[in-house]
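Residue numbers (UniProt numbering): 1 to 282.
Beta carbons: idealized from backbone N, C-alpha and C, even for Gly.
Let me begin by presenting the structure, written as structure tokens, before commenting on it.
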């Protein structure tokens with residue numbers, strides 16, 4: 001059937017149409033919808049993550065990749081091993097629930113992290129000491145001093161301080177047990193007006209490894225003075241971490257000095273054996 005036949009058929013079909021019936025009524029145009037921009041409602045962190053995951057690594061700045069890795073790492077629990085100057089610590093943290101525990105090898109004392117508080121029980125002590133978390137006490141400290149202090153004491157908080165890193169550059173491939181990824185080098189400076197002057201130190205340089213799933217796996221940095229180095233390895237992502245505060249009757253307020261440690265001590269002994277990890281995911 002061609003176009004002419006169709007026209008003839010249409011004319012015949014409408015010959016007996018009752019009056020008042022319009023086979024093709026006028027169509028009232030609908031008002032056009034106004035789309036409200038949705039990007040304005042996105043959180044900055046979510047937007048960065050979307051951009052980083054959508055683009056090839058070569059098109060995303062090194063600083064953005066590290067920032068996205070820090071956000072990803074803070075979204076699930078993990079285990080951590082820290083080494084510095086012949087000393088080592090092992091711990092487990094749940095950033096979402098803000099709980100954690102860490103212990104120095106060979107020392108029976110213990111420290112737990114629950115919410116805004118840390119509970120420290122030195123070896124041989126009868127009571128726990130309750131103190132604000134180290135990151136709270138170092139809120140006004142310059143970035144380098146805070147990172148040096150936090151790394152062996154509160155690794156979870158130390159990772160957050162890496163957001164202040166500058167001059168972040170990709171430095172080739174990285175790998176470890178069960179993972180592979182990229183290495184980034186960075187520098188951290190206090191700046192002329194950053195934090196409390198009595199805590200200021202010279203620039204700190206370091207390296208951070210990010211696996212192919214976008215999680216921080218290893219942090220290394222050299223202390224600004226003295227030639228010391230700290231290495232932090234992160235694994236066991238998704239491992240449940242069970243930490244509870246000590247009974248109220250066994251807790252006393254702990255004294256705090258300006259440096260963020262207990263008075264009379266160079267730094268709090270942050271220990272712990274209260275984490276109960278299940279089988280870890282590498």
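- Rounded to whole angstroms, the Cβ separation of residue 91 and residue 102 is 3 Å, and the two are in contact under 8 Å.
- Here the C-alpha atom of residue 135 lies approximately 14 Å from the C-alpha atom of residue 119.
- Judged by DSSP in its simplified three-state form, residue 208 adopts strand.
- The beta carbons of residue 231 and residue 213 sit no closer together than 8 Å.
- Residue 253 is classed as exposed because its beta carbon has fewer than 16 other beta carbons within 10 Å across all chains shown.
- Note on geometry: alpha-carbon atoms of residue 152 and residue 246 lie some 22 Å from one another.
- Residue 168 and residue 139 have their C-alpha atoms spaced approximately 23 Å apart.
- Taking a 10 Å sphere around the C-beta of residue 87, we find fewer than 16 other C-beta atoms and assign the residue as exposed.
- Taking residue 222 as reference, the option from 233, 71, 62, 207 with the minimal CA-CA separation is 207.
- Boundaries of the alpha helix (DSSP H) harbouring residue 161: 155–161, taken from the DSSP string.
- Where residue 132 is concerned, the enclosing beta strand (DSSP E) starts and stops at 128–132.
- Residue 109 places its beta carbon 8 Å or farther from that of residue 93.
- Annotation: residue 249 to residue 182 spans about 48 Å, alpha carbon to alpha carbon.
- If you look at residue 253, you'll find it isn't in any alpha helix (DSSP H); it sits in the beta strand (DSSP E) that goes 251–253.
- With a contact defined as Cβ atoms closer than 8 Å, residue 112 and residue 251 miss out at about 11 Å.
- When secondary structure is reduced to three states using DSSP, residue 230 falls in the strand class.
- The three-state secondary structure of residue 150, taken from DSSP, is helix.
- When the Cα atoms are used, residue 132 and residue 95 turn out to be separated by approximately 16 Å.
- Of the other Cβ atoms in all chains shown, 16 or more fall within 10 Å of the Cβ of residue 239; this residue is therefore buried.
- Residue 69 is positioned such that its CB atom lies no closer than 8 Å to that of residue 218.
- In this structure residue 204 is in contact with residue 187, their Cβ atoms being roughly 7 Å apart against a cut-off of 8 Å.
- Using a Cβ distance threshold of 8 Å, residue 122 and residue 190 do not count as a contacting pair.
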